[in-house]
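Converting from the sequence shown to the numbering used here requires adding 2 to each position, the first position being numbered 1.
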Amino acid sequence: MSAPKRRFDGVDLQVLWQSIISTVNEQATALQRSAFSPIVREAGDLANGLFDPKGRMVAQAVTGTPGHINSLAMGVMAVLAEHPAETLAPGDVLITNDPYKTCGQLLDVTVMTPVFRGGRLIAFFCSTIHHSDVGGYGIGAGGRDVFEEGLWIPICKLMVAGERNADVWNFILSNVRTPDHVAGDLHAQMASAAVGAERLQTLCDAWGLDDIDDLADEIIERSEEATRESIRALPAGTHEAEALLDLADGSMVTIHCQVTVDPDLGEILVSYEGSSEASRWGINVVRNYTHAYTTFTVRSMLNPEIPNNHGSLAPIR
């Protein structure tokens, strides 16, 4: 028989929420300060967050890029589809730069670390950063297909039970121009996750939590309902806009956007039907990146006090 679901009053939930935000912010700070890539250290081209065992984003750091964080919210689900939570062990670390499942381009590498407590998986700390090199075409947008862009890392284990997966490390570092930087950045991603995991264990100790399941449910449910309430305050209707882009060969690309606000359901539906087909020029975008920037745009026009997580993204389709 399962234990009764724990509920949190408003005061406790706010204190816990601030602790979680401090945790993911500290994870981001550790990552940015220890990264080798200048675009991470100086420009903050990164994203990181806390995810529950189901792969739902619970919280994100206040720094980072919207394309990374909101596509990371989809990417973790894709990773778990291939490596279910029950197959993971303490010390495992997963990696991928699959552009169709995570962050849209091969230079953006995602690292995902499970956190265990009392032998049970309780959370994931994940990050995506822009690495200095992944081989391939090099600097610029001249690649004619994804294979010219560089090394495509499928979802796999970078670490297995705390030990380096030597074949994966060797394969990656043998196919990049800056192996020392890439190795350093991968270690920075893992180290920042370790910082987050340590802080989460401290939080669980302080509040007598065996896991974060009930807390994650509460945060996600309240975030979703608050987002729906914010949408219900908008007038119903469908709005359309179109943009034309000039390409290097003189041709043009059309981007058509239709947004439907449904206050009754508390949902916003965004459609790009009617846009141009894929181009041979470097302006195409995969679905997960389209979803990331679409949800960011919509969220930025709603209540800014609502956390950005699985719940607040759910009403935007």
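Note that CB positions come from ideal geometry on N, CA and C, so glycine has one too.
Since this is a predicted model, take the numbers as computed values, not measurements.
Can you look up residue i in the DSSP assignment and give me helix, strand or coil?
| i | result |
| --- | --- |
| Met3 | With a pLDDT of 49 at Met3, under the threshold of 50, the modelled position of that residue is not reliable, and the figure given next carries that caveat. DSSP places Met3 in coil when its eight states are reduced to three. |
| Val288 | coil |
| Leu205 | helix |
| Arg282 | coil |
| Glu28 | helix |
| Arg166 | strand |
| Arg43 | helix |
| Phe149 | helix |
| Phe298 | helix |
| Glu200 | helix |
| Leu188 | helix |
| Phe38 | coil |
| Ile23 | helix |
| Phe173 | helix |
| Gly138 | coil |
| Leu15 | helix |
| Ser277 | coil |
| Leu33 | helix |
Whole-angstrom Cβ separation of residue i and residue j, contact assumed at under 8 Å?
| i | j | result |
| --- | --- | --- |
| Gly138 | Glu150 | 6 Å |
| Ala125 | Phe53 | 7 Å |
| Phe38 | Asp187 | 5 Å |
| Lys159 | Asp94 | 6 Å |
| His312 | Ala75 | 7 Å |
| Gly77 | Lys103 | 6 Å |
| Ile318 | Ile257 | Not quite, the Cβ-Cβ distance comes to about 18 Å (not below 8 Å), so this is no contact. |
| Ile157 | Asp100 | 6 Å |
| Thr112 | Cys105 | 6 Å |
| Ile97 | Ile155 | 6 Å |
| Val42 | His189 | Contact flag wrong, Cβ pair sits at about 13 Å. |
| Ile308 | Gly268 | Ile308 to Gly268, Cβ: 12 Å. No contact. |
| Leu358 | Val162 | Outside the shown range of the chain (3 to 319) lies residue 358, about which nothing can therefore be said. |
| Ser129 | Gln191 | 5 Å |
| Leu205 | Ser21 | 5 Å |
Run through the DSSP bridge pairs and tell me what residue i is partnered with.
| i | result |
| --- | --- |
| Phe127 | Leu52 and Thr115 |
| Asp110 | His132 |
| Ile270 | Val263 and Ile318 |
| Ile97 | Val113 and Cys158 |
| Arg179 | According to DSSP, Arg179 bridges with nothing at all. |
| Arg122 | Arg119 |
Should residue i be counted as a contact of the ligand HEM given a C-beta to heavy atom distance under 7 Å?
| i | result |
| --- | --- |
| Met254 | As far as ligands go, the structure on display features none, and thus does not contain the ligand HEM. |
Counting beta carbon pairs with one atom in the segment 213-227 and one in the segment 53-60, are three or more of them shorter than 8 Å?
At 8 Å Cβ cutoff, the stretches touch.
What residue ranges within the segment 55-95 form continuous alpha helix (DSSP H) runs of no fewer than 4 residues, ordered along the chain?
68-84, all fully within the segment 55-95.
Counting only runs that start and end within the segment 211-258, where is the alpha helix (DSSP H) found for 4 or more residues in a row?
Counting only runs that start and end inside the segment 211-258, the alpha helix (DSSP H) elements of at least 4 residues fall at 215-234.
Quick test of the definition: if touching needs 3 or more C-beta pairs under 8 Å, does the segment 196-211 touch the segment 281-289?
Because the criterion of three Cβ pairs below 8 Å is not met, the segment 196-211 and the segment 281-289 do not touch.
If you pair each beta-carbon of the segment 262-272 with each one of the segment 231-239, do three or more pairs fall below 8 Å?
Counting C-beta pairs with one atom in each stretch, the segment 262-272 and the segment 231-239 have three or more that are closer than 8 Å, which means they touch.
Quick one: any contact between the segment 64-72 and the segment 85-93, if contact means 3 or more CB pairs under 8 Å?
In this structure the segment 64-72 does not lie against the segment 85-93, because fewer than three pairs of beta carbons, one per stretch, are closer than 8 Å.
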